[in-house]
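**Q** In the working numbering, the protein residues as written are 935 to 1371.
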Ligand code: GAP
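What follows is the structure, given as structure tokens:
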């Protein structure tokens, strides 16, 4: 049943222009996906909400957009060239590769039953050759996490903004991982996007801020409309934690293919700043004006994946019901209005009545000046237009009908209940804006 839900969401995402396979006309490229007009709008709305909540509305946060291609030395210092790896096994017959930690039987290939070779550690970083000559020291890497862009800019932020502890540096951007087995639609991909914060603190405060960020992360999940019942916190045991972490909680979500990691919260100590100080020779300490002492701050890291957010949002929003009193089935996305790709659709009741079309255009133009994410549709009958908007999660539809021409009122339809109310055009914008919050 749950697997069927995933199939339905994948089909809707393709049918309605949210997500397409990467390089599709050439047979695709595993672990890559392209985002169509509605997908990019949904992703942008999620990222904007995150940026507003964690950067714009705070005084202690500094935004950053660091380069994706980074010096190989960064990844040596951070420990990623050595330890950022998953155990991999290859089938000696069909040559397919699997993540060893996901296999029940380590001897037999799950695809062809051939013999599996012994597991090897497979590094997930994507190397890139820079320049015309391929030399060892010219190997750079596509960043495996956005976090390192933050650590290598720590001194730049300190020198230009002189922040006092505690403060954070936040970044949204692409990261790349050569996953052995990309799978489950956009859940495990090779090109991903992360929204990350490195929050710099006094070492003794780490428990306080770990708890603080745990709550902030839950609040973000609440704001994007993920149901509490589908979110679980998993305290990661020491032997399973990343090499830099002294404590990690994974926020897991009930995906149709299992309860799996959505986000991570880690206490990275002073690991990264210390390593980069030592390897680069640049002093990455912080001078405390009050105590007149230098220290290497410790770090709490809330990390959010954009694709996993989008998948959890789509799965949570997907709904089916019957509407219209005649057992007519409909599919709708119950998206939280603030992240819906389209907020309002405006329709003339009939396409072939110039008075209605002109009035609908005028309403559309006025609303569009104030509300981003608005669309005009006069294609097909009104019932079909409602269904099309329901399916992409548009919270409100405004219809201009013959009564509008008499009394300047329109119908405002609510996506979830399908109920319509008559509203004065003069108060329409304020009413919708209020309900979009
Ligand atoms: N800076 C810490 C870090 O990168 P991580 O647990 O490896 O930690 C953080 O990744 C988040 O990035 C995950 O919780 C998940 O949301 C997302 N993520 C990681 N690998 C991913 C992949 N292959 N595909 C999609 N999202 C991924």
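Glycine residues also receive a C-beta, built at the ideal position from the N, C-alpha and C atoms. Quantities reported herein were computed from a predicted structural model and do not represent experimental measurements.
Taking only the alpha-carbon atoms, compute the straight-line gap between residue 942 and residue 1246 and give it to the nearest angstrom.
**A** 14 Å
**Q** Helix, strand or coil: which one does DSSP assign to residue 987?
**A** If DSSP states are grouped into helix, strand and coil, residue 987 belongs with the helices.
**Q** Are at least three pairs of beta-carbons, each pair with one atom in the stretch 1305-1321 and one in the stretch 1010-1017, less than 8 Å apart?
**A** no
**Q** Pull up the DSSP beta-bridge partners for residue 1331, would you.
**A** 1279, 1347
**Q** Does the stretch 1187-1207 touch the stretch 1097-1115, meaning 3 or more C-beta pairs lie closer than 8 Å?
**A** No, because fewer than three Cβ pairs between the stretch 1097-1115 and the stretch 1187-1207 fall closer than 8 Å, the two stretches do not touch.
**Q** Count the other CB atoms, across all protein chains shown, that sit within 10 Å of the CB of residue 1189; report buried if there are 16 or more and exposed otherwise.
**A** With 16 or more Cβ atoms within 10 Å of its Cβ, residue 1189 is classed as buried.
**Q** Given this structure, state the Cα-to-Cα distance separating residue 1248 from residue 1003, to the nearest angstrom.
**A** The alpha-carbon separation between residue 1248 and residue 1003 amounts to approximately 31 Å.
**Q** DSSP state of residue 1192, grouped into three classes?
**A** strand
**Q** Please report the distance separating the alpha-carbon of residue 1079 from that of residue 976.
**A** Near 22 Å, if we compare the C-alpha coordinates of residue 976 and residue 1079.
**Q** Answer with buried or exposed for residue 1216, where buried requires no fewer than 16 other C-beta atoms within 10 angstroms of its C-beta.
**A** exposed
**Q** Between residue 1022 and residue 1042, is the Cβ-Cβ spacing less than 7 Å?
**A** no
**Q** Of the residues 1117, 985, 1289, 1323, which one's Cα is nearest the Cα of residue 951?
**A** 1323
**Q** Would you say the beta carbon of residue 1242 comes nearer than 6 Å to a heavy atom of the ligand GAP?
**A** Answer for residue 1242: yes, Cβ within range of the ligand GAP.
**Q** Could you name the residues of the same chain whose beta carbon sits closer than 6 Å to that of residue 1271, not counting the 5 residues immediately before and after it, in chain order?
**A** 1329, 1370
**Q** To the nearest angstrom, how far is it from the Cα of residue 1213 to the Cα of residue 1088?
**A** 15 Å
**Q** For a quick check, are the C-beta atoms of residue 1104 and residue 1131 less than 7 Å apart?
**A** Cβ atoms of residue 1104 and residue 1131: closer than 7 Å.
**Q** What's the gap between the Cα of residue 1244 and the Cα of residue 1319?
**A** 25 Å
**Q** Residue 1280 and residue 1292 - do their beta-carbons sit closer together than 7 Å?
**A** no
**Q** Is any heavy atom of the ligand GAP found at a distance shorter than 6 Å from the C-beta of residue 1175?
**A** no
**Q** Given residue 1304, which residues of its chain have a CB within under 8 Å of its CB, disregarding the five upstream and five downstream residues?
**A** 1363, 1367
**Q** With DSSP as the reference, label residue 1050 as helix, strand or coil.
**A** strand
**Q** Going by beta-carbon coordinates alone, are residue 970 and residue 954 separated by less than 7 Å?
**A** With respect to the 7 Å criterion, residue 970 and residue 954 are classified as neighbours on the basis of their beta carbons.
**Q** Could you tell me whether the stretch 1216-1236 touches the stretch 1273-1289, where touching means 3 or more Cβ pairs closer than 8 Å?
**A** no
**Q** Can you name the residues that DSSP bridges to residue 1232?
**A** 1135
**Q** Pull up the distance between the alpha-carbon of residue 1084 and that of residue 1093, whole angstroms please.
**A** 14 Å
**Q** Enumerate in chain order the residues of its own chain whose CB-to-CB distance from residue 1355 is below 6 Å, with the five nearest sequence positions on each side excluded.
**A** If the five residues before and after residue 1355 are omitted, its C-beta is found closer than 6 Å to the C-beta atoms of 1346, all from its own chain and listed in chain order.
**Q** What number of angstroms, rounded off, separates the C-alpha of residue 1299 from the C-alpha of residue 1349?
**A** 22 Å
**Q** Taking the straight line between their C-alpha atoms, what separation do you get for residue 1115 and residue 1237?
**A** 22 Å
**Q** Is the beta carbon of residue 1195 within less than 6 Å of some heavy atom of the ligand GAP?
**A** Yes.
**Q** Answer with buried or exposed for residue 1296, where buried requires no fewer than 16 other C-beta atoms within 10 angstroms of its C-beta.
**A** exposed
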